[in-house]
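Here the sequence shown is numbered in this note's numbering, starting from 2 and rising by one per residue.
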Amino acid sequence: MTIRIEMCAVEHVHELQEISYETFNETFKEQNSPENMKAYLEKAFHSEQLEHELSNVDSQFFLVYLDATVAGYLKVNIHDAQSEKMGLEFLEIERVYIRKEFQNHGLGKVLLHKAIDIAKDYGKKKIWLGVWEKNEKAIAFYEKMGFVQMSTHAFYMGDEEQIDLIMTKAISQD
C-alpha cells in the first residue's frame, strides 16, 4: 500500500468535482433534504467555482493517492482565502475529503500532517477547521488529532442554516 500526495492544478478540476460530489453526498445526504443538497453541491462544486478556488494563490489543493487510485483531497487556505477571518497566525483546513472505500486507511491523518507541514512552511502558529456539529465521526477524529472547539459559525446547506464547530490546534515550529 503506497500513499502519495500531489499538488492540484486547474487541470484536476474534474477529479476534484467528482470527489467532492461523491464524498459530500455520502456524508451528508441522509441528514439533509435533496433540494438543499442539490443547491449546495451545484454552488460549491461547480467547475467554475473550483477553478476560481484553484487559481487563488492563498489556497492549495492536494490529491491523495492510495497506490494508483485517487482516494481524496485536501484544501488549505491562508490569509484572505480563509472562510472566516482568523488572523495571520492561522492556516485553515477547509476540506479533508476521503472517498468512502478509502476511509480507515490513515489517509485523513496523512492529509492533516500535510496541512501542518504547510502551516509550518508559512510560519503559522495554529490551524483551524469547521466541522458540522452533527458529524460525530469527524469531530471524534479531529479531537483525537488534538483539535479543540473554539467557537461556532453558521453554514448554509441550501436555504437551511446549520452550525459548524470551529476547531483549532496549536502547532510547534520544530
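For each residue, glycine too, the CB sits at the ideal point set by N, CA and C. All values derive from a computational prediction rather than experimental measurement.
Around the C-beta of T153, are 16 or more other C-beta atoms found within 10 angstroms, so that it is buried, or is it exposed?
exposed
Quick one: grab the DSSP three-state call for H53.
helix
Cβ atoms of A139 and L108: under 7 angstroms apart, would you say?
no
Quick one: is the Cβ of A45 within less than 6 angstroms of any heavy atom of the ligand ZN?
This structure lacks the ligand ZN, and indeed carries no ligand of any kind.
Return the chain-ordered ranges of every alpha helix (DSSP H) run that is complete within the stretch 36-106 and spans a minimum of 4 residues.
Here the runs fully enclosed are 48-55.
Who are the near neighbours of E161 in its chain, counting only those whose CB is closer than 6 angstroms to its CB and skipping five residues on each side?
N37
Between the stretch 95-113 and the stretch 39-48, do three or more beta carbon pairs fall short of 8 angstroms?
As far as the Cβ criterion goes, the stretch 95-113 does not touch the stretch 39-48, which means the pair count is below three.
By the three-class DSSP mapping on this structure, what secondary structure does F25 have?
Three-state result, F25: helix.
Note down the Cα distance separating F62 from H80, rounded to an integer number of angstroms.
15 angstroms
Would you mind working out which of Y22, E54, E27 and D165 sits nearest E12, comparing C-alpha positions?
Looking at the Cα atoms, E54 is the closest of the given residues.
Proximity below 7 angstroms, CB of A171 to CB of K127
In this structure, A171 sits near K127, with a CB-CB distance shorter than 7 angstroms.
Note down the Cα distance separating L92 from A120, rounded to an integer number of angstroms.
6 angstroms
Hey, could you find the ends of the alpha helix (DSSP H) A120 is sitting in?
Note, A120: alpha helix (DSSP H), L108 to D122.
Using the beta-carbon count (16 or more within 10 Å), is M168 buried or exposed?
The Cβ neighbour count for M168, taken over all protein chains shown within 10 Å, is at least 16; the residue is labelled buried.
My assumption, with CB atoms under 8 angstroms, is that V97 sits in contact with L75. Please give the rounded CB distance.
6 angstroms
For the candidate residues A155, K135, S56 and W129, whose alpha-carbon lies nearest to that of G88?
W129
In the structure shown, what three-state DSSP assignment does A10 receive?
coil
Are there 16 or more other CB atoms within 10 angstroms of the CB of E95, so buried, or fewer, so exposed?
So E95 ends up on the buried side.
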